[in-house]
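Report on one structure; see the data block that follows.
Number of protein chains: 2
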Amino acid sequence: MPEEPRRQARGQRRMVQLLDAAAVVFAEAGYAKATTNAIARQAGVSPGTLYQFYANKEALAEALAERYRSELAAAHQKAFDPGTAQLPLPELVDRMIRPMVEVNLENPGFKALFGSGDLPDKLTAPTRALQRAVTGRVAEVLAARYPELPTDRLETTAAVATQIFAALLGTIVTTPATHRERWITELNQALVGYLTPLDQRV
Amino acid sequence: MPEEPRRQARGQRRMVQLLDAAAVVFAEAGYAKATTNAIARQAGVSPGTLYQFYANKEALAEALAERYRSELAAAHQKAFDPGTAQLPLPELVDRMIRPMVEVNLENPGFKALFGSGDLPDKLTAPTRALQRAVTGRVAEVLAARYPELPTDRLETTAAVATQIFAALLGTIVTTPATHRERWITELNQALVGYLTPLDQRV
DNA sequence: GACAAACACGAGTAAATGCTCGTATTTTTC
DNA sequence: GAAAAATACGAGCATTTACTCGTGTTTGTC
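Chains as they are written, first to last, in the numbering used here: chain A, 927 to 1128; chain B, 927 to 1128.
Below is the structure:
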């Protein structure tokens, strides 16, 4: 087993650069059709160099997914002070949705890793990790709002909400900015509609 | 432009056979990773024979999508007598959902064409046609139930409902039959929740 | 400044894959 | 039953693509 070399400053910059390039190419072509050579070209670097830092395409995807995960976590942290969970449902949902949409707009390629269902087996692992991270966050918020809800019910609800979100995310980000708000509203209504029964049971 | 040969009985059987095989392979591997050679093998036929009937992989996908579209139409026709549109919302939604889930369970590969978002450009055409067909049907039902709803609002709602459906379809069909009903219920609640506000405006 | 480790290059390789083509068999047509 | 059209085969071609490797350059360490 070859051990990781001690990265020097230049190398660390390259790694970031390559991740940026991967994001662009994944966004343009989708994961399956994205070629490692194209990613290297986009980064202004030779294929050999790419492989000096990432063992293969999957490792690249994994690293990118990890980046998104942490950006998402940061965005959510920022949008959530304690007490948010007790807001009226439409506002709570809005606070969950906005940061994710924004992370998405800022990071082309997110959708390519998060959304699609037809990815080769290799990618399912990093993708599922991302999905789980999001679902987990949703579950936390739901747990804060509905403390007496049984765990399994909580998880089901979080999973469904996340999937609804993922489904509409594509439409939202590909829509021209002028009409974007409308679809966000629609997503909000869908989620509020789904969650309202829980509110009334309390 | 080479014209289509007059198919004889044997040829027509082969075409069905190949479509069946394609459905199986698409279901197992997803569209992108499915190889035409594997489809031919699955059909017990040589690659050359496959191409005697379908010009390329895309044509195969198109034909399969068309098959699904007609099966879906038939299933819906059967589930819909006039008056259904005035049923209580949960029942209406149930009547829309069931046949589609069933078509899906009977036709592995449907999801591979309908669900995923990351397909190569070539496939977007047949996929979108399928999506549009489903959305169109949903729009018809909504139009019957909410006659005074403006057209664009109708279409937006139908599109969102269809996407929610598509998102949860994957989970529903991959879940073991024992727990399937639970996810169907969840999908039902999501859609009912989304549509309820429309009901109350009347 | 010398030595090693990390970085960089890019032509090239092996494997995969959509698809072709020459040829042979079966079915239809007359 | 003979010519034509349709069906069938499967080896293999052309292309794509993830990845390698030999070689040269830059950076860090002593």
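Yeah, the Cβ is synthetic: ideal placement off N, Cα and C, and Gly gets one too.
Please read all numbers here as calculations on a predicted model, not as lab measurements.
| query | In its own chain, which residues sit with a C-beta less than 7 angstroms from the C-beta of residue 953 of chain A, not counting the 5 before and 5 after it? | reply | As a first step, residue 953 of chain A is located in the first sequence; it is residue number 27 there, counting from the start. Residues of the same chain with a CB within less than 7 angstroms of the CB of residue 953 of chain A, apart from the 5 flanking positions on each side, are 1034, 1035, 1038 in chain order.
| said: Could you check whether the Cβ of residue 1093 of chain A sits closer than 8 angstroms to any Cβ belonging to chain B? | reply: Within the first sequence, numbered from 1, the residue matching residue 1093 of chain A stands at position 167. Residue 1093 of chain A counts as touching chain B.
| field | Local Cβ density within 10 Å of residue 1126 of chain A, reported as buried at 16 or more and exposed below that | value | As a position in the first sequence, residue 1126 of chain A is number 200, starting the count at 1. Under this definition residue 1126 of chain A is an exposed residue.
| request: Using a threshold of 8 angstroms, state whether the C-beta atoms of residue 1023 of chain A and residue 1093 of chain B are closer than that. | output: On the first sequence, residue 1023 of chain A is found 97 positions in, with the first residue counted as 1. On the second sequence, residue 1093 of chain B is found 167 positions in, with the first residue counted as 1. Between residue 1023 of chain A and residue 1093 of chain B, the C-beta gap is not smaller than 8 angstroms, which leaves the two residues out of contact.
| query | Is the Cβ of residue 965 of chain B closer than 8 angstroms to any Cβ of chain A? | reply | By 1-based counting over the second sequence, the position of residue 965 of chain B is 39. The C-beta of residue 965 of chain B comes no closer than 8 angstroms to any C-beta of chain A.
| said: Under 8 angstroms, Cβ to Cβ, is there at least one residue of chain B near residue 1120 of chain A? | reply: Looking up residue 1120 of chain A in the first sequence gives position 194. Closer than 8 angstroms to the CB of residue 1120 of chain A there is at least one CB belonging to chain B.
| task | With a 10 Å radius around its C-beta and 16 neighbouring C-beta atoms as the bar for buried, classify residue 1053 of chain A as buried or exposed. | result | Mapped onto the first sequence, residue 1053 of chain A falls at position 127. Per the 10 Å Cβ criterion, buried.
| Using the C-alpha atoms, what's the distance from residue 1021 of chain B back to residue 1104 of chain A? | Taking the first sequence and counting its residues from 1, one reaches residue 1104 of chain A at position 178. Taking the second sequence and counting its residues from 1, one reaches residue 1021 of chain B at position 95. Cα-Cα distance, rounded: 36 angstroms.
| task | Using a Cβ-Cβ cut-off of less than 9 angstroms, list which residues of the segment 1094-1115 of chain B approach chain A; keep chain order. | result | Here the close residues are 1094, 1096, 1097, 1108, 1109, 1112, 1113, 1115.
| query | Start and end of the alpha helix (DSSP H) containing residue 942 of chain A? | reply | In the first sequence, residue 942 of chain A corresponds to position 16, counting from 1. From DSSP, the alpha helix (DSSP H) with residue 942 of chain A extends over 935-959.
| message | Using only the alpha-carbon positions, how far apart do residue 1133 of chain A and residue 1080 of chain A sit? | response | No statement about residue 1133 of chain A is possible, as the shown extent of chain A runs from 927 to 1128 and does not include it.
| query | Does the separation of the CB atoms of residue 1082 of chain B and residue 1061 of chain B fall below 8 angstroms? | reply | By one-based count along the second sequence, residue 1082 of chain B stands at place 156. By one-based count along the second sequence, residue 1061 of chain B stands at place 135. Going by C-beta atoms, residue 1082 of chain B is not nearer than 8 angstroms to residue 1061 of chain B.
| said: Between residue 958 of chain A and chain B, is any beta-carbon pair separated by less than 8 angstroms? | reply: Mapped onto the first sequence, residue 958 of chain A falls at position 32. Yes, because at least one Cβ of chain B sits closer than 8 angstroms to the Cβ of residue 958 of chain A.
| query | Is it a yes or a no for the segment 932-943 of chain B touching the segment 1111-1127 of chain A, going by three-plus beta-carbon pairs under 8 angstroms? | reply | Counting C-beta pairs with one atom in each stretch, the segment 932-943 of chain B and the segment 1111-1127 of chain A have fewer than three that are closer than 8 angstroms, which means they do not touch.
| field | Within-8 angstroms CB hit, residue 961 of chain A to chain B | value | Walking along the first sequence from the start, residue 961 of chain A turns up at place 35. Nearest CB-CB separation between residue 961 of chain A and chain B: not below the 8 angstroms threshold.
| field | Residue-level contact to chain A via CB, residue 950 of chain B, 8 angstroms cutoff | value | As a position in the second sequence, residue 950 of chain B is number 24, starting the count at 1. Among the CB atoms of chain A, none fall inside 8 angstroms of the CB of residue 950 of chain B.
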